[in-house]
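J.: Chains as they are written, first to last, in my numbering: chain A, 1 to 656; chain L, 1 to 317.
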């Protein structure tokens, strides 16, 4: 067997014990597991099988994998990553390469030194997984990955009392638990960078979420994505469900296939608000430059500006958790006069959707251009015309709206909003599509509204003389539950099992923990850090103060740790302790024990000095000698008796 | 990495004798405490620290608080492991040292007993290039055996030994130098070959003195035996003639080994020769006595007597 000779290579230093190797493999497995969600499936499976094979091989015969096997594997890994991503730079390809090399490093791990290097880089790889997802679950998964790391490092030390594998993982947990206070302190006071030292990573991952483009059928992926999009807490009671429309994009341009959010002019329409709602939004990173706002926002928060359609536009994309406060109107008159935007609000691509345009023109003539009546006719068509709501509609052809209105008659909010707007424009009513979120889950425990990506919605706004832009939700005509109950109620049997209503309810309630995590940990930025000492009367905590705080706190923690480490827990012998007590009592009576005086001699002397206690002292002496010198281990009863007698011993002064 | 560390250690040893191995010898038991345990990061610990720094800067740069939390957790765990490294040695004591017996040039077995109230893991002891690792149960005691090289007779002071540990994570290394105030006795090396001891009993005249005095044994008659040696009375009860055997030498004559008889040699040669004779006498289970300028040891036999004689030889000036 030629190959078997090749497996056994000469290695320097003592070989890893099987237990150490198992723990190192477990560490790599954890790294692979926390990276699996964003690695290509074939890479995860491939690396997993390399890991398994290596484990099996080393169990049979320790030895490095030969270079003729290792080098092609490295080349194969690099090649596969380059063909998949086109590059080895960037977050996802970089992570794939790092995890791959880490697993391949195990092929030559034979000594403690190799294992240490591998484990240290495993720590780095674990941290890298958090660049993809820093949610609560992901962070806990990664922290769990530290257990095999610590256990593997421990197992590399020589001469240990033998234990089982699970028991070997336990001390790591204790170590982490003990380190938690220092961790939290350091986390709170490590000065944050106000500007990054080098470019933040480009978000090369296609994030699901609303986009500034909408074509019917696009949102299907979005509507089954139940990741949180934003959380809203209101200063007063939450508005009724039917008013929970969060506008993000206003779309004007329609090219026959998709709607685009290009603004024809920059000035926002004036608003005549009849009520006001103040609220705070925590927006999860979505890579977009728009801040969703309830109803119609009255003013823009810092870092954003109001655009046409009262859209809140932001200069930088939202790549980190963002909190902002807003005041909105739920009942309003908005854009009472229509200026140069009338033309783009009526524009339709030429030569497309002839039947839809014909229907629009027909309605215009029938209702003499009355926008309310025309909108009513369109809603009546959706309600009574045999339309159905489905998340998996039939695909549409070139004349998409014609196909939808006159043949397929099935779709979801995008289809209805799009068709409605096209119909309105054809009938001469200025109209536009608005996308955003609708509904959400009211978390009673945390008093906040949780809006998931699946709450994404599209509706229309039509302009009516005297009333301005009026929101019309054509989806509600087909499926009223979508608006009154929320997205979860509409899906029917089309949602995957994990979005089952009951489970979904549970997940919605559990979201409060995620919110706490997002608020307390992810959202703890430079701004929040500056207000860290506000409860102690310091308004702005600058970096210098933080550095001082960090130094002082480290000293404090270090001092506490040292005090613990150096404490000598001398458990004094109970019989001796009781005898010392007797000594103190006798010393108060004037009989002090001399240096080097034995207990027997001392107590005899005491008995001579205190004739009143002679008998008691004789008994005590006998008992003490019995306790100290009679047996190996004094009996509990006699010990208790001796202590009681010492306690009850009184040195009544003898009147001389 | 290793060379500068070694230089730093040399510098520390020169400059801070109290800190390092140049402390004075002390009586047993030696208990390790905070004043004599030193701790520095290992090479791996330094590398790990650099890695943590990179992780910290990365987490801060990408304003990734979860990664920052993880980095802080790892850092805090590393710091805690430093305390554990210290505690691995703190309170450990070298309870007893028991030395075996060896002649100069041969390794001497040295038994070191370590004890501690708490359980210990992965403690290492370095002594004259040898390294042993051990673990201890709570309240237990462990005995390590080292081979101490010897070169010359006499008292050999125990070398300084280093007790160290990188428990639990290998990030820090705590160590302490132990210098027990105890010496072990190395016996002199016997000379390789030389004359046997000149004994008064080996003179023929001396042997004649014994003839006719005590009857050693009876044996069969051999041609040429003088008739007056025939034991007639015993032969009458026997088939053949029996002869009284007077000439048989005593099986184990007593040796009186004397320093003064070796006047022609120098001190060490005398000691080496006496050591060889003592060794031979011991091997032949002979009774022997030893006269030395420092003391006189009465004739006796057995290993205790051998050890006494060898120790006396070892201690000669």
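By construction, the Cβ of each residue, glycine as well, lies at the ideal position given by its N, Cα and C atoms.
So the alpha helix (DSSP H) residue 304/L belongs to, where does it begin and stop?
T.: 303–314
J.: List, in order along the chain, the chain A residues whose C-beta lies closer than 8 Å to that of residue 90/L?
T.: 565, 566
J.: Could you name the residues that DSSP lists as bridge partners for residue 448/A?
T.: 443/A
J.: When Cβ atoms are compared, which residues of the region 167–185 of chain L fall closer than 9 Å to chain A?
T.: 167, 168, 169, 170, 171
J.: Kindly examine the ligand ATP and report whether one of its heavy atoms sits closer than 8 Å to the Cβ of residue 611/A.
T.: Among the ligands in the structure shown, none appear at all, so the ligand ATP cannot be discussed.
J.: Can you tell me where the beta strand (DSSP E) holding residue 522/A begins and where it ends?
T.: Taken as a continuous stretch (DSSP letters only), residue 522/A belongs to no beta strand (DSSP E), as it is neither H nor E.
J.: To be precise: take each residue of the region 69–98 of chain L, compare its Cβ to all Cβ atoms of chain C, and keep it if any distance is under 9 Å. Which residues remain?
T.: Reference to chain C is not applicable here, since the protein chains of this structure are A and L.
J.: At least one CB of chain L closer than 9 Å to the CB of residue 120/A: is that the case?
T.: yes
J.: Mind the definition here: the region 160–174 of chain L touches the region 148–158 of chain A only if three or more C-beta pairs lie below 8 Å; say whether that holds.
T.: yes
J.: So, at 7 Å on beta carbons, what are the nonlocal neighbours of residue 639/A in its own chain, with the 5 sequence-adjacent residues on each side left out?
T.: In the same chain as residue 639/A, and ignoring 5 residues on each side of it, the C-beta atoms closer than 7 Å to its own belong to 574, 575, 627, in chain order.
J.: Can you tell me which of the three DSSP states residue 55/A falls into?
T.: helix
J.: Please confirm whether residue 289/A and residue 260/A have their CB atoms less than 9 Å apart.
T.: no
J.: On the three-pair Cβ rule with 8 Å, is the region 447–462 of chain A touching the region 220–237 of chain A?
T.: yes
J.: Give the DSSP-derived three-state secondary structure of residue 464/A in the structure shown.
T.: The answer is strand: DSSP assigns residue 464/A an E or B state.
J.: Quick one: grab the DSSP three-state call for residue 242/A.
T.: Three-state DSSP puts residue 242/A in a helix.
J.: Helix, strand or coil: how does DSSP classify residue 131/L here?
T.: strand
J.: Assign residue 45/A to buried or exposed, taking buried as 16 or more other Cβ atoms, counted over all protein chains shown, within 10 Å of its Cβ.
T.: It counts as exposed.
J.: So, helix, strand or coil for residue 5/L, using DSSP?
T.: Residue state, collapsed to three classes: helix.
J.: Keeping to the same chain, check which residues put their C-beta closer than 7 Å to that of residue 44/L; ignore five residues upstream and five downstream.
T.: 170, 171
J.: Between the region 48–66 of chain A and the region 87–97 of chain A, do three or more beta carbon pairs fall short of 8 Å?
T.: The region 48–66 of chain A is not in contact with the region 87–97 of chain A.
J.: DSSP on residue 142/A, reduced to helix/strand/coil?
T.: Under the three-state reduction of DSSP, residue 142/A is assigned to helix.
J.: Could you please tell me which residues of the region 37–60 of chain L, in chain order, have their CB closer than 9 Å to any CB of chain A?
T.: 44, 47, 48, 51, 52, 54, 55, 56, 57, 58, 59, 60
J.: At 9 Å on the CB atoms, spell out the chain A contacts of residue 121/L, in chain order.
T.: What residue 121/L touches in chain A: 154, 157, 159, 160, 161.
J.: To the nearest angstrom, how far is the alpha carbon of residue 285/L from that of residue 226/L?
T.: 34 Å
J.: What does DSSP give as the partner residues of residue 244/L in its beta bridges?
T.: 218/L
J.: Of all the beta strand (DSSP E) runs that stay within the bounds of the region 40–115 of chain L, which reach a length of 3 or more residues?
T.: 93–99, 108–115
J.: Could you spell out where the beta strand (DSSP E) holding residue 300/L opens and where it closes?
T.: 296–300
J.: Quick check: the Cα distance between residue 287/L and residue 219/L, rounded to an integer number of angstroms?
T.: 27 Å
J.: Report buried or exposed for residue 312/A, applying the criterion of at least 16 other Cβ atoms within 10 angstroms of its Cβ.
T.: buried
J.: Kindly list, in the order they appear in chain A, the residues whose Cβ is closer than 9 Å to that of residue 267/L.
T.: Result: empty, since nearest Cβ-Cβ is about 45 Å, beyond 9 Å.
J.: Could you tell me whether the region 318–325 of chain A touches the region 278–293 of chain A, using the rule of 3 or more Cβ pairs below 8 Å?
T.: yes
J.: Round the Cβ separation of residue 118/A and residue 144/A to the nearest angstrom and send it over; I've been treating them as touching at under 8 Å.
T.: Taking a contact as a CB-CB distance under 8 Å, the pair residue 118/A and residue 144/A does not count as one, their CB atoms being some 19 Å apart.
J.: Quick one: list the residues of chain A neighbouring residue 135/L, beta-carbon separation under 7 Å, in chain order.
T.: Counting only Cβ-Cβ distances below 7 Å, residue 135/L has contacts in chain A at 159, 160, 161, in chain order.
J.: Please confirm whether residue 188/L and residue 271/L have their CB atoms less than 9 Å apart.
T.: yes
J.: Please classify residue 55/L: is it buried, with 16 or more other beta-carbons within 10 angstroms of its beta-carbon, or exposed?
T.: buried
J.: Residue 63/L to residue 435/A, Cα distance in whole Å?
T.: Straight-line Cα distance between these residues: approximately 30 Å.
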